[in-house]
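So the sequence shown is numbered by the UniProt record's numbering: it starts at 1 and just counts up by one.
A quick write-up on the structure given underneath.
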Amino acid sequence: MIGLTVRQMHYFDALAQTLHFGRAAKLAGVSQPALSSQIAEMEQRLNCRLFERGGKSVRMTDEASALLPRIERILAEIRDVETTARRGRTAMEGRFRLGIIPTVAPYLLPRALPELKKHFPALLLELREAVTATLVDDIASRKLDAFIAALPLDHPGLITEALFSDRFFLAVPAGDPAFASPPVPPESPALERLMLLEEGHCLREQALAVCGNVRPVAMASYGATSLTTLLQMVAHGLGVTLIPEMATGPAGTIPDLKIVPFQEPMPQRMICLAWRRNNARHGECVELAKIIRSLGAAVLAA
1 MIGLTVRQMH YFDALAQTLH FGRAAKLAGV SQPALSSQIA EMEQRLNCRL FERGGKSVRM
61 TDEASALLPR IERILAEIRD VETTARRGRT AMEGRFRLGI IPTVAPYLLP RALPELKKHF
121 PALLLELREA VTATLVDDIA SRKLDAFIAA LPLDHPGLIT EALFSDRFFL AVPAGDPAFA
181 SPPVPPESPA LERLMLLEEG HCLREQALAV CGNVRPVAMA SYGATSLTTL LQMVAHGLGV
241 TLIPEMATGP AGTIPDLKIV PFQEPMPQRM ICLAWRRNNA RHGECVELAK IIRSLGAAVL
301 AA
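Here it is in structure tokens:
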């Protein structure tokens, strides 16, 4: 009797997805030595080499390639068993750990939390606000059940559900003559005064992509960690910044700040819900995505 374990099959699947022991260990939520040990034991029990290790590179053998679809089917059947076992319970009950990026959290949560409470009164929601890279690490290590961020999310083993699109505007000092006649073309020289969030925030990368033909220089001596801080800096004439549509309502209350549109087609980001591909709470994540998706228009109009 070979005696493969479900754990070994999970680790095999993670390594087959990533072809990297470190990333596979993160995806599986274990230490790298633990994953390596289980893969080695699996190879011993099957009496064949599954992965070729060469320096930093990992390659699947022919035996592993033939085994992969069978193991994927077995793991899918196990997930179906887990889902079936949960069908007798109320949807979205108990603890659910949800991550969310800082440029979405203050604008979406005031709308989403009451709706989730109304639909799922037995839900105990635990929130974690962090930048995308941290949330991806937390989902891989099973510290989170799901998270809300902006696409694209280039990470193996994640399922994403698009929620709603969020257009970008430009926040500028009120009365600034450079923006007296919007809309603003993305190649406007005035965008050289663009201020960015510090490294790690996806809004920083999105701003650079939107204004790709302009070299922003205004953030050389700043390290803003929040959009609110950037907007206050703009109101005091220190520069301009990109602002998502969901933040324009609250920003309208800031004195000496003006929100202007870009030329059509206006740039935008797509907000999504993401979770692990092998998450036993897949069905609940789909339901959560439906609720949040239905709030999209209300969030943008707030």
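Every residue gets a Cβ at the ideal spot worked out from N, C-alpha and C, and that includes glycine.
It should be emphasised that the depicted structure is a prediction, and the values quoted were computed from it without experimental measurement.
Helix, strand or coil: which one does DSSP assign to GLY237? coil
Between the C-alpha atoms of ALA130 and LEU153, what's the straight-line distance to the nearest angstrom? 15 Å
Do GLY157 and ARG276 have their beta-carbon atoms positioned less than 8 Å apart in this structure? yes
Who are GLY261's beta bridge partners in DSSP? Just to set this straight, residue 261 is Pro in the shown sequence, not Gly. The partner list for PRO261 (beta bridge, DSSP) reads PHE169.
Considering only DSSP beta bridges, list what THR160 is partnered with. ALA274
Would you call the segment 250-267 and the segment 171-178 touching, i.e. three or more CB-CB distances under 8 Å? yes
With DSSP as the reference, identify every bridge partner of GLU287, one or two as the case may be. In DSSP, GLU287 forms no bridge with anything.
Is the segment 9-19 touching the segment 29-37, taking contact as three or more C-beta pairs under 8 Å? yes
Limits of the unbroken alpha helix (DSSP H) element including PHE12: 6-18
Cβ shell of ILE292 (< 7 Å), same chain only, five flanking positions each side left out: ALA112, LEU163, LEU273
Could you work out which residue in ALA297, LYS290, ASN279 is closest to GLY29 when comparing CA atoms only? ASN279
If you measure between the beta carbons of PHE168 and PRO267, is that distance less than 8 Å? yes
Which term fits ARG49, buried or exposed, when burial requires 16 or more other beta carbons within 10 angstroms of its beta carbon? exposed
Starting from SER57, trace the beta strand (DSSP E) both ways and give me its first and last residue. 57-60
Exposed or buried, what is HIS155 when buried is set at 16 or more other beta-carbons lying within 10 Å of its beta-carbon? buried
Three-state secondary structure assigned by DSSP to GLY252: coil
Three-pair Cβ contact test at 8 Å for the segment 115-135 versus the segment 222-242: no
What residues match up with LEU124 in a beta bridge as DSSP calls it? ARG95
C-alpha distance - LEU125 paired with LEU67, whole-angstrom precision: 39 Å
GLU187 in three-state terms, based on DSSP: coil
Residue span of the beta strand (DSSP E) that contains GLN51, given as start and end: The sequence as given places Phe at residue 51; Gln does not occur at that position. Taken as a continuous stretch (DSSP letters only), the beta strand (DSSP E) holding PHE51 covers 51-54.
Spatial neighbours of THR248 within its chain, please: C-beta separation below 7 Å, excluding the five flanking residues on both sides. PHE169, ILE259
ARG193, DSSP secondary structure in three states: helix
Compute the distance between the beta-carbons of ALA149 and ILE101, then report whether it is under 8 Å. yes
Using the rule of at least 16 other Cβ atoms within 10 Å of the residue's Cβ for burial, across every protein chain shown, is SER57 buried or exposed? exposed
Which residue wins for smallest C-alpha separation from LYS117, given the options LEU288, LEU300, VAL299? LEU288
What span of residues does the alpha helix (DSSP H) with PHE179 cover, start to end? PHE179 -> no alpha helix (DSSP H), and no H or E assigned at all.
Per DSSP, ALA149 forms a beta bridge with which residues? CYS272
Only counting the same chain, and skipping five residues up and downstream in sequence, which positions put a Cβ closer than 7 Å to that of ALA26? It should be pointed out that residue 26 corresponds to Lys in this sequence rather than to Ala. Closer than 7 Å at Cβ, skipping near neighbours: ASP137, ALA140, SER141.
Taking ALA16 as the reference, give the member of ASP145, GLU52, ARG269, PRO183 with the closest Cα. GLU52
What does a CB cutoff of less than 6 Å around PHE179 pick up in its chain, not counting 5 residues either side in sequence? VAL172, VAL260
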